[in-house]
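2 protein chains.
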Amino acid sequence: MARSLGRIFRGFQSLGSLAFMKSELNNPSANLSLKSMVQELPSLFSSNPRDFSLPNSSWGTEMRQLYEHYNSQCEAVTDGGEEQGGLWKRLPSYNRSLKYAAAGVYLSKIIQSKARLFTRNIREPGAAFEYAVFVNKKEQRCVCIFQAGHLLEGPPGNVHGGAIATMIDTVTGTHACVHSGFVMTANLNINYCSPIPLGSTVLIESSVDKKEGRKTYISCKVTSTDGTKLHTEATALFVSVSVSHLLKG
Amino acid sequence: MARSLGRIFRGFQSLGSLAFMKSELNNPSANLSLKSMVQELPSLFSSNPRDFSLPNSSWGTEMRQLYEHYNSQCEAVTDGGEEQGGLWKRLPSYNRSLKYAAAGVYLSKIIQSKARLFTRNIREPGAAFEYAVFVNKKEQRCVCIFQAGHLLEGPPGNVHGGAIATMIDTVTGTHACVHSGFVMTANLNINYCSPIPLGSTVLIESSVDKKEGRKTYISCKVTSTDGTKLHTEATALFVSVSVSHLLKG
């Protein structure tokens with residue numbers, strides 16, 4: 005029970021959006037428990053949450069160009085709510101997803117009310133994780149454009165290995181969730197090849213290797229924006245979980 | 005060159021202290037390049053940096069008790085600067101170690117001046133990573149007491165997998181540095197077993213598995229404070245690097 009409780013909400017934290025999940029209801033591959041749970045959920049979000057994956061003044065030229073590159077290929081939504089065309093879909097990102105979920109354990113009211121998603125816990129634009137995730141379902145690929153802020157330092161002048169692991173967990177977890185519904189991370193295996201200087205922009209690309217029963221295997225590379233330099237490579241294993249009982253705490 | 009530049013300062017970031025390195029000069033196993041480099045370093049630190057590994061008002065009962073448990077077994081330093089007795093040694097932790105090091109790449113002056121260690125980038129006590137690392141050289145063990153703040157959320161109510169990876173990288177990197185001098189992380193392989201609720205205190209224990217040439221292998225477990233519940237287990241590989249040329253940029 006405890007094992008299944010914790011990481012099950014990766015979909016919420018990574019995709020960050022009940023709206024996204026509702027759009028998933030039109031996806032035949034979305035599993036039934038996800039569908040029923042979302043349909044039964046009360047309104048758990050504040051009325052106008054900030055989408056942190058939109059461009060802001062801290063974004064450098066590379067971030068803006070890459071954003072435009074992928075965003076221009078994204079599907080459009082008509083006034084009637086229908087999705088039309090586009091190879092890619094940008095996923096919104098909030099700093100808290102299910103603010104009343106207690107994950108089945110006792111948490112103080114203070115912690116519950118103040119908790120924020122780790123990758124979005126600093127509001128100063130450009131100081132920490134600036135990123136946007138795009139998914140290409142046909143090719144079973146995800147691309148994340150990531151600009152590393154000055155508060156992510158590990159080795160002087162470069163990004164901390166834990167911050168890189170955090171982004172890999174976020175991107176592969178998002179991808180696994182898009183592919184397989186709710187999942188929890190079972191393993192991350194990360195090879196660090198070359199450092200990422202603070203302030204730079206990199207690409208994080210993931211692909212689905214295989215799905216075996218409840219297991220989804222994802223691989224991931226972090227490269228320079230032109231793809232010529234490999235910074236980090238990783239594999240990740242996610243396990244699908246049933247979630248309908250989790251919101252009952 | 006680039007590969008060796010980035011993660012080489014793990015010693016600085018993890019141990020966080022030139023003072024610690026100077027104490028290492030009395031250690032016959034410290035390599036010559038480290039010794040000469042430290043002796044040649046100018047004063048790179050502010051006069052009274054805050055040691056973040058000391059107890060503060062946010063620490064809960066478990067953190068305080070564990071801190072006292074290990075701290076009471078720590079070696080004492082005489083007025084003459086000599087170390088006496090004690091199984092354990094507490095390692096200080098700062099939010100920036102070498103603030104003028106450029107890691108061989110161009111960084112803007114703004115980024116250089118504002119950069120902060122990822123695990124110490126939030127000054128609000130208790131909000132993020134609260135931890136203290138103790139090392140036991142005789143037993144080749146490290147123990148880290150870690151209290152997870154509300155800004156580390158991943159799955160609602162629980163710590164983000166990337167935040168757990170960050171602590172594992174920090175503790176194993178510190179341990180490898182104590183054991184082998186300057187190192188860079190080459191691999192982290194992490195198995196997530198059960199979630200860590202926000203606000204809780206856990207133990208992170210590492211041990212040296214073997215050293216083969218430039219490679220140091222460390223294993224690590226994250227458990228409940230009584231050791232009965234396994235949250236995460238990991239292996240880490242670090243590679244020793246020569247550092248004397250790095251400060252030249």
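Same order as they appear, the protein sequences are chains A and B. Its first residue numbered 5, the first sequence is counted upward by one per residue in this note's numbering. Its first residue numbered 5, the second sequence is counted upward by one per residue in this note's numbering. No residue lacks a Cβ here, since even glycine has one placed at the ideal position from N, Cα and C.
Closer than 7 angstroms to chain A by CB, residue i
{"i": "Asn-195 of chain B", "result": "yes"}
{"i": "Leu-91 of chain B", "result": "no"}
{"i": "Ala-270 of chain B", "result": "Here chain B covers residues 5 to 253 and nothing more, so residue 270 of chain B does not appear."}
{"i": "Leu-155 of chain B", "result": "yes"}
{"i": "Ile-115 of chain B", "result": "yes"}
{"i": "Asn-191 of chain B", "result": "yes"}
{"i": "Thr-170 of chain B", "result": "yes"}
{"i": "His-179 of chain B", "result": "no"}
{"i": "His-164 of chain B", "result": "yes"}
{"i": "Gly-185 of chain B", "result": "no"}
{"i": "Trp-63 of chain B", "result": "no"}
Residues bridged to residue i [DSSP beta-bridge criterion]
{"i": "Met-188 of chain B", "result": "B:Val-243"}
{"i": "Ala-131 of chain A", "result": "Answer by DSSP bridge pairing: none, since Ala-131 of chain A is not bridged."}
{"i": "Asn-193 of chain B", "result": "A:Asn-193 and B:Thr-239"}
{"i": "Phe-122 of chain A", "result": "Answer is none; Phe-122 of chain A lacks a bridge partner."}
{"i": "Glu-157 of chain A", "result": "A:Val-163 and B:Leu-121"}
{"i": "Glu-87 of chain A", "result": "A:Val-81"}
{"i": "Val-147 of chain A", "result": "A:Phe-138 and A:Glu-209"}
{"i": "Pro-201 of chain B", "result": "B:Asn-162"}
{"i": "Leu-234 of chain B", "result": "B:Thr-227"}
{"i": "Ala-152 of chain B", "result": "B:Phe-133"}
Residue range of the alpha helix (DSSP H) that includes residue i
{"i": "Arg-94 of chain A", "result": "It is not in any alpha helix (DSSP H) - Arg-94 of chain A instead sits in the beta strand (DSSP E) that spans 93–95."}
{"i": "Thr-65 of chain A", "result": "65–75"}
{"i": "Lys-141 of chain B", "result": "Taken as a continuous stretch (DSSP letters only), Lys-141 of chain B belongs to no alpha helix (DSSP H), as it is neither H nor E."}
{"i": "Ile-114 of chain A", "result": "113–118"}
Contact check, residue i vs residue j, beta carbons under 7 angstroms
{"i": "Thr-178 of chain A", "j": "Val-137 of chain A", "result": "yes"}
{"i": "Arg-120 of chain A", "j": "Ser-211 of chain A", "result": "no"}
{"i": "Leu-156 of chain A", "j": "Phe-122 of chain B", "result": "yes"}
{"i": "Lys-219 of chain B", "j": "Val-182 of chain B", "result": "no"}
{"i": "Ala-169 of chain B", "j": "Gly-89 of chain A", "result": "no"}
{"i": "Ala-132 of chain B", "j": "Gly-161 of chain B", "result": "no"}
{"i": "Ile-222 of chain A", "j": "Ala-180 of chain A", "result": "yes"}
{"i": "Thr-205 of chain B", "j": "Gln-151 of chain B", "result": "yes"}
{"i": "Leu-2 of chain A", "j": "Asn-125 of chain A", "result": "As displayed, chain A neither begins before 5 nor continues past 253, which places residue 2 of chain A out of reach and without an answer."}
{"i": "Glu-237 of chain A", "j": "Asn-195 of chain A", "result": "yes"}
{"i": "Arg-54 of chain B", "j": "Cys-78 of chain B", "result": "no"}
{"i": "Glu-87 of chain A", "j": "Val-81 of chain A", "result": "yes"}
{"i": "Asn-60 of chain A", "j": "Pro-129 of chain A", "result": "yes"}
{"i": "Ser-97 of chain B", "j": "Phe-56 of chain B", "result": "yes"}
{"i": "Leu-207 of chain A", "j": "Thr-227 of chain A", "result": "yes"}
{"i": "Ser-184 of chain B", "j": "His-235 of chain B", "result": "no"}
{"i": "Val-245 of chain A", "j": "Met-171 of chain A", "result": "no"}
{"i": "Val-147 of chain A", "j": "Glu-209 of chain A", "result": "yes"}
{"i": "Ile-200 of chain A", "j": "Met-67 of chain A", "result": "no"}
CB contact check: residue i to chain B, cutoff 7 angstroms
{"i": "Met-25 of chain A", "result": "Low per-residue confidence applies at Met-25 of chain A: pLDDT is 37, beneath 50, and the placement is therefore not dependable, though the value from the model is reported in the following sentence. Not an interface residue."}
{"i": "Arg-120 of chain A", "result": "yes"}
{"i": "Leu-241 of chain A", "result": "no"}
{"i": "Ala-106 of chain A", "result": "Any reading at Ala-106 of chain A needs caution, since the residue's pLDDT is 47, under 50, leaving its predicted position unreliable; the model's value is listed next. True, the Cβ-Cβ gap to chain B drops below 7 angstroms."}
{"i": "Asp-173 of chain A", "result": "yes"}
{"i": "Gly-203 of chain A", "result": "yes"}
{"i": "Asn-125 of chain A", "result": "yes"}
{"i": "Gly-158 of chain A", "result": "yes"}
{"i": "Leu-48 of chain A", "result": "Low confidence applies here, because Leu-48 of chain A scores a pLDDT of 45, under 50, leaving its location unreliable; read the following figure in that light. Not closer than 7 angstroms to any Cβ of chain B, the Cβ of Leu-48 of chain A fails to qualify, so no."}
Bounding residues of the beta strand (DSSP E) (the contiguous stretch that carries residue i)
{"i": "Asp-213 of chain B", "result": "205–216"}
{"i": "Thr-227 of chain A", "result": "219–228"}
(request) Would you list, in chain order, the members of the stretch 219–241 of chain A that have their beta-carbon closer than 7 angstroms to a beta-carbon of chain B? (result) Cβ contacts with chain B: none found.
(message) Short of 8 angstroms Cβ to Cβ, which residues in the stretch 70–91 of chain A face chain B?
(response) The residues in question: there are none.
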